[in-house]
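*Asks:* In my numbering, the protein residues as written are 97 to 426.
Backbone N, C-alpha and C fix where the C-beta goes; we use that ideal spot for every residue, glycine too.
Take this structure first; my questions come after.
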Amino acid sequence: MTVVEPERGAAEAVAANAALLVANDLVKTFGNGVRAVDGVSLTVHPGETVGLVGESGCGKSTTAKMILRLLAADGGSLSFGGVDLLHVRGRALRKLRARMQLVPQNPQTSFNPRLSIRSSIEFNLRAHGVQRGARGARLLEALDRVGMPAAYAQRFPHELSGGQLQRAAIARALVTNPELIVCDEAVSALDKSIQAQVLNLLVELQRDLGVAYLFISHDLSVVEHLSDRVIVMYLGRVVEEATAEQLWRDPRHPYTEALLSAAPNSGRTRIMLAGDPPSPTDPPSGCTFRTRCPVALEACAEERPPLLSVGGKHFAACINQERVTPAAVA
Ligand SMILES: Nc1ncnc2c1ncn2[C@@H]1O[C@H](COP(=O)(O)OP(=O)(O)OP(=O)(O)O)[C@@H](O)[C@H]1O
Ligand SMILES: [Mg+2]
């Protein structure tokens with residue numbers, strides 16, 4: 097896959113600025129007892145890309161929905177541009193919604209099949225109070241930005257390919273001039289070649305518009321390429337956070353190592369994890385990864401490992417940093 101290299105270093109340049117999004121200790125338990133998100137903290141700075149990875153069911157989309165205020169958080173705090181996002185309502189909430197938009201995994205279901213692309217995108221403009229007279233120009237500008245001919249706006253979702261429809265979904269997100277776009281598995285449903293085109297488009301848009309991304313995927317190789325920083329989740333918790341480069345070169349959590357080893361171009365020996373993730377309704381004591389961890393120690397059952405710095409801004413929630421094998425301590 098050939099993907100334009102995002103400009104590394106841009107994140108460092110903005111790091112000194114105020115954060116755009118700060119999530120602290122977010123918690124969500126569903127009615128069925130599933131603790132989908134169990135104390136997730138993350139920060140996104142203006143213009144940066146933060147990747148969020150982890151296998152199916154680890155709580156990525158639930159985290160995203162809380163951030164976008166599509167789902168109420170049970171606990172924690174959340175601020176966007178300095179505004180308390182968990183308690184804002186009415187007009188102020190509507191204004192904030194325009195500043196953060198979603199590109200979902202499946203545009204086939206996120207576009208109303210009975211509306212033209214134009215109507216769907218204009219609907220988003222109307223929802224954010226853009227006057228009728230200004231909507232046409234905003235629509236055309238967004239279509240142009242995503243490289244979609246204006247004539248396609250008359251089409252209905254089923255008249256576009258998956259890649260074209262995902263471009264339309266990006267245009268729909270762009271029309272409100274957002275500062276943050278949450279891409280939830282935005283390229284997962286696309287062929288590899290189309291994936292690369294859409295990823296390149298996202299990189300270009302960031303360069304031109306300075307938009308920040310929270311880029312969610314189960315595929316670490318996609319996230320690694322695009323992201324300034326990467327957050328790895330397991331069973332509702334953050335287990336590692338680092339720059340993309342640090343994570344690729346020197347993963348410090350055994351779960352990240354296993355994820356990396358599964359990436360096609362990692363050059364690592366594949367680490368097969370035993371079994372399925374444990375049930376989120378009844379997680380193991382201590383470190384929830386220990387039941388599948390190749391280097392778990394007895395002590396791992398005792399306490400939940402905190403996310404600690406393993407050097408600068410590289411954090412990992414694993415007490416076995418020396419990678420002592422269980423046999424060596426037995
Ligand atoms: N509305 C809901 N009611 C009950 N449980 C839910 C609900 N939404 C999600 N869950 C559960 O919460 C956990 C986290 O789900 P979530 O969709 O956040 O995972 P994910 O990391 O996005 O997975 P995927 O990669 O498959 O999209 C899962 O165990 C899921 O079954
Ligand atoms: Mg999801």
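Rounded to whole angstroms, what is the Cα-Cα separation between V226 and V391?
*Replies:* Each residue's Cα considered, the two are about 56 Å apart.
*Asks:* Would you grab the beta carbon distance between L116 and A308 for me? Rounded to a whole angstrom, and I think it's under 8 Å.
*Replies:* Their Cβ separation, rounded to whole angstroms, is 6 Å, which keeps L116 and A308 in contact under 8 Å.
*Asks:* Less than 7 Å separating the Cβ of S175 from some heavy atom of ligand 2?
*Replies:* No - ligand 2 has no heavy atom lying nearer than 7 Å to the Cβ of S175.
*Asks:* What are the boundary residues of the beta strand (DSSP E) that includes H410?
*Replies:* H410 to A412 is the span of the beta strand (DSSP E), which, as asked, contains H410.
*Asks:* Less than 7 Å separating the Cβ of F411 from some heavy atom of ligand 1?
*Replies:* No, ligand 1 has no heavy atom inside 7 Å of this Cβ.
*Asks:* Can you tell me where the alpha helix (DSSP H) with R259 in it begins and where it stops?
*Replies:* Here residue 259 turns out to be Gly, not Arg, going by the sequence shown. Note, G259: alpha helix (DSSP H), G258 to L270.
*Asks:* DSSP on R162, reduced to helix/strand/coil?
*Replies:* The question names Arg, but residue 162 in the sequence shown is Met. Reduced to three states, the DSSP call for M162 is helix.
*Asks:* Starting from the C-beta of R234, find all residues in its chain whose C-beta is less than 8 Å away, skip the five residues before and the five after it, and write them out in chain order.
*Replies:* The answer, listed in chain order, is L221, V226 and V271.
*Asks:* Name the one or two DSSP bridge partners that T125 has.
*Replies:* DSSP lists R131 as partners of T125.
*Asks:* Report all residues from its chain with a CB closer than 6 Å to the CB of A265; omit the five preceding and five following residues, and keep chain order.
*Replies:* The answer, listed in chain order, is V199 and P203.
*Asks:* For the beta strand (DSSP E) containing I312, list its first residue and its last residue.
*Replies:* Looking at the DSSP string, the run of the beta strand (DSSP E) that includes I312 is A308 to S313.
*Asks:* With a cut-off of 8 Å on the beta carbons, I'd call V146 and D324 a contact; round off their distance for me.
*Replies:* Contact flag correct, Cβ pair sits at about 7 Å.
*Asks:* Going by other Cβ atoms of all chains shown within 10 Å of its Cβ, with 16 needed for buried, is R364 buried or exposed?
*Replies:* Its Cβ having fewer than 16 others within 10 Å, R364 is exposed.
*Asks:* Got a sec: does ligand 2 put a non-hydrogen atom nearer than 7 Å to the Cβ of D315?
*Replies:* Incorrect: D315 has no Cβ contact closer than 7 Å to ligand 2.
*Asks:* Just checking my contact of L370 with L316 at CB under 8 Å: how many whole Å lie between their CB atoms?
*Replies:* In the sequence as presented, Leu is not what sits at residue 370; that position holds Ala. With 8 Å as the limit, A370 and L316 do not qualify as a contact, their Cβ atoms being about 20 Å apart.
*Asks:* If you check the beta carbons only, do C389 and P401 fall under 8 Å apart?
*Replies:* No; because the gap between Cβ atoms is not below 8 Å, this pair is not in contact.
*Asks:* Using the Cα positions of R195 and L276, report the straight-line distance between them to the nearest angstrom.
*Replies:* Distance between the alpha carbons of R195 and L276: 6 Å.
*Asks:* For P376, tell me which candidate among K161, G177, G127 and R345 has the shortest Cα-Cα distance.
*Replies:* Ranking the options by Cα distance to P376, first place goes to G127.
*Asks:* Expressed to the nearest angstrom, what Euclidean distance is found between the alpha-carbon atoms of F411 and R345?
*Replies:* Between F411 and R345, the C-alpha separation is close to 14 Å.
*Asks:* Please name the residue in H254, V133, G259 and R231 whose C-alpha comes closest to that of M244.
*Replies:* Measuring from the Cα of M244, the nearest candidate turns out to be G259.
*Asks:* In whole angstroms, what separates the C-alpha of V425 from that of A132?
*Replies:* Low confidence applies here, because V425 scores a pLDDT of 49, under 50, leaving its location unreliable; read the following figure in that light. If I take the Cα positions, the gap works out to 34 Å.
*Asks:* Would you say the beta carbon of F219 comes nearer than 7 Å to a heavy atom of ligand 1?
*Replies:* Flag unset: Cβ of F219 not near ligand 1.
*Asks:* Examine the Cβ distances between the segment 147-156 and the segment 165-185 and report whether three or more of them are shorter than 8 Å.
*Replies:* No, because fewer than three Cβ pairs between the segment 147-156 and the segment 165-185 fall closer than 8 Å, the two stretches do not touch.
*Asks:* Using 7 Å as the cut-off, classify the Cβ of S84 as near or not near the heavy atoms of ligand 2, replying yes or no.
*Replies:* The shown model of the chain, from 97 to 426, leaves out residue 84, and the question about it has no answer.
*Asks:* Helix, strand or coil: how does DSSP classify G178 here?
*Replies:* G178 falls in the coil class under three-state DSSP.
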